[in-house]
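Residues -18 to -1, 1 to 634 in mature numbering (1 follows the signal peptide of the UniProt record, and there is no 0) are what the sequence shown lists, from first letter to last.
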Amino acid sequence: MKKYLLILFLVSFKVAFAQQAPFFKSYDWEQNPSYNVTNKDESLIALKEKVVTEFYFEGESLVEYFLEHKVLWLNSDDAIEDYNKVYLPFSSESELQINKARVINPKGDIIDLDASKILTAQDEETGRTYKYFAFEGITKGSFIEYIYVAKKNPSYMGKRLDLQSSYHKNKVEFDLFSPANLVFKFKNFNDLPAVVEDTTTVKKYHYKLHVKNLQKLEDETLSAYDAQRGFIVYKLDKNTANNANNIVSYNKVSQNLYSFYYPDYNENTKKLIYKFIENLKLPENADEETKARKIDFVIKTAIFSSDVNGEDLQNLDEVLTKKVANETGVLKLYIALLRTLNIKHELVLTSDRNNLKFDKEFEANNFLTDFLIYFPKTKKYLSPNSEGTRYGFPDPFKTDTYGLFIKEVTVGDFKSAIGKIKYIQPVKAAENFDTMLVDIKFNEEDLTENIIHFERSFNGYYAMNIQPYTNLIVGDKREELIDGIFESVSKNIEISSRKIVNEDPELFGVKPIKFIADFTSEDFVEKAGRKYLFKLGQLIGGQMQLYQEKERVLPLENEFQRSYFRTLNIEIPAGYKITNLEDINIDNVYSEKGKELFSFKSYYTLKDNILTITADEHYRKNIVKVALYEEYRKVINSAADFNKIVLLLEKE
């Protein structure tokens, strides 16, 4: 859970029995290893990967010992380069109890790393100190082996451990030990076996997951790789010493967050809030959406956001006065303004679906990484801590997934909150569009030159990186921005006029930003004898093409739903005709229950000498199952096919 989620449910730990020594005290690697591999074609194989985490009482304090032991066979230059340094989880809040490493070369010689090869360095930007093994003497076919044990503050409110990787693993072992009064729960994801309790262990709990021959999972284009590989999540569930049950509970999270973010404000704080609202200069009789959009715009443009974890930066009075805040302070400001303006909203916690799918059944804090604010009246969201987003268009990877919705409830004079898991609907394709309107003429004196009027509009996520900041771009940089839009079609253009419509940053999400240019170019026509070849498809710009040499394994994951609308009006030169008009027609559609999910349709009409071509494209589903991948690929490749269309002009 990110640092701004500060409220934790505290558990009192107490034991009155003797403990065995921690597991790591009796664990070691083989003194005379004899490692070998059978599949020599792989570039990297893990012979063994073992993780042991043990929760252990030292006095009345609970600590965690984390052990990692790996034996890796490196059989390529890339693998050797990737593993000539191995970083250790060292910080000011942890202590390394054990750290040792060695190389076993193909001849079987063992090269132990001495203390001089276990290095300490410092990140110049963050000042953070870290340790790493610096391996030497690795050749193709060598094994590297290392063990470390870190003592640290315990993490038990929800912890993820990745077990599957992009390389094959002969043996994977996970073990968790806990005192006899601390009961843990586990959930396995993406076809991993379940964690089981080892009942032969006495005087403490022992949970384990041991897997042989864990197959590699390779990344694929547009896949949510981290979310799809095999991993487990665990959490502390019970403390039998004090009869605490359901220790990690979203109900408790909801109550704690409500208490923290929805306090009663004192008179001084109220005055500061009212002054901030006055400076918003809201229109008279503004509706909730107008108010919410203005709040979001002002906070993201007038409040300096810092990643420093300081009390002043999350103190609401300080934030309102100094206009500087960390993520916690920013969220407090949003909530204070929304509450004061009586704008109904709900606090939402979720996770980035590209990395971790929010699980609606297993309540664990590692799924609660990112805040959204939901507005029930408009059914829209905003991302308070994502500066590059705006109201109605939250961070897209935090949508199309489940989340914890925290809603204020009032009973008489008593106010509290309830938490409910609901689906976060994505922004629809109709709101995220890229529109082209192109008028093309041929120079009557030289048909290899085109005179083009081009209008291109962006809305939603397509405008997000442009419209909120266009007013800040001036002079030559402004021209470069406009020219870059049209040079994506061709670098060989001569622009005679250019302008931007709806560049006011406050129009984001209200009106699309539009770029307009007039230019000439000789890049779209080639003469071939008595014919002219007009590169129609080039006018929509380069298009993505999906290739699939192997059978698709992972679902496809898009960032957001989207639409493309393209209209091209071509004035055919007098005395000429186009002989291959049927090449324009493309119709690839995938529908479910009568609704088009993916589609590319291009077609034409011809009236007198005006040829009007429409090429529209829609993707109304973000997450594409493997079974539908070919349908999706067929549609997206249709745009690439259109991009290759060349029309033939011949004399009548």
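Every residue gets a Cβ at the ideal spot worked out from N, C-alpha and C, and that includes glycine.
- Runs of alpha helix (DSSP H) with 4 or more residues, each lying fully within the stretch 25 to 78, are found at 59 to 65, listed in chain order.
- In the three-state reduction of the DSSP assignment, Tyr216 falls in the strand class.
- If you look at Leu319, you'll find it in the alpha helix (DSSP H) that goes 309 to 322.
- For a cut-off of 8 Å, the C-beta gap from Ala445 to Ser545 is around 13 Å, too long to register as a contact.
- Under DSSP, Asn425 shares a beta bridge with Asp428.
- CA-CA distance, Glu413 to Leu538, rounds to 21 Å.
- The beta carbon of Leu419 sits closer than 7 Å to the beta carbons of Glu437, Thr549 from its chain, once the five residues preceding and following it are set aside; these are given in chain order.
- Taken atom to atom, the span from the alpha-carbon of Ser479 to that of Glu469 is near 14 Å.
- Distance check between Phe353 and each of Lys326, Arg372, Gly385, Leu338 places Gly385 closest, using alpha-carbon atoms only.
- For Thr561, the secondary structure class from DSSP, reduced to helix, strand or coil, is coil.
- Put simply, of Ala318, Arg211, Leu329, Val306 the residue whose alpha carbon is nearest the alpha carbon of Tyr256 is Ala318.
- Within the same chain, Cβ atoms closer than 6 Å to the Cβ of Tyr232 are found at Glu345, Leu386, Gly401, the five residues on either side in sequence being excluded.
- Secondary structure within the stretch 522 to 593: the beta strand (DSSP E) runs of 3 or more consecutive residues, fully enclosed, are 544 to 553, 558 to 560, 568 to 574, 577 to 589 (chain order).
- Taking Leu536 as reference, the option from Lys493, Asp569, Ile464, Glu612 with the minimal CA-CA separation is Glu612.
- Between Val409 and Gln543, the gap from beta carbon to beta carbon is short of 8 Å.
- Closest in C-alpha terms to Asn324, from the list Ala284, Gly311, Glu390, Ser472, comes Glu390.
- For Phe5, same chain residues with a beta-carbon under 6 Å away, outside a window of 5 residues either side, are Val34, Glu36, Phe159 in chain order.
- By alpha-carbon distance to Glu369, the top candidate from Ile277, Ile86, Lys583, Ile498 is Ile277.
- Glu599 sits buried, since 16 or more C-beta atoms from the chains shown fall within 10 Å of its C-beta.
- By alpha-carbon distance to Asp180, the top candidate from Asn172, Lys190, Leu174 is Lys190.
- Checking the DSSP bridge columns, you'll see Arg110 has no partner listed.
- Val154 and Asn227 have their C-alpha atoms spaced approximately 31 Å apart.
- In the DSSP secondary-structure assignment, Met418 is bridged to Arg438, Arg548.
- Counting C-beta atoms within 10 angstroms of its own C-beta, Phe501 has 16 or more neighbours from the protein chains shown and is therefore classed as buried.
- Going by DSSP, Lys257 is part of the alpha helix (DSSP H) stretching over 249 to 262.
- Contact fails between the stretch 170 to 178 and the stretch 56 to 75, because fewer than three Cβ pairs, one in each stretch, are under 8 Å apart.
- As computed with DSSP, Asn81 is found in a beta bridge with Tyr130.
- Here the alpha carbons of Asp201 and Tyr207 stand approximately 6 Å from one another.
- Here Ala83 really is in contact with Glu127; their C-beta atoms are around 7 Å apart, less than 8 Å.
- Under DSSP, Gly385 shares a beta bridge with Lys404.
- According to DSSP, residue pairing for Arg480 in a beta bridge involves Ala499.
- Ala61 has its alpha-carbon roughly 49 Å from the corresponding atom of Leu629.
- DSSP links Phe353 through a beta bridge to Leu331.
- When Cβ pairs closer than 8 Å are counted between the two stretches, the stretch 361 to 379 is seen to touch the stretch 488 to 495, the count reaching three or more.
- In this structure, the beta-carbon distance from Val306 to Ser288 falls below 8 Å.
- Within the DSSP secondary-structure output, Leu515 pairs in a beta bridge with Glu508, Leu630.
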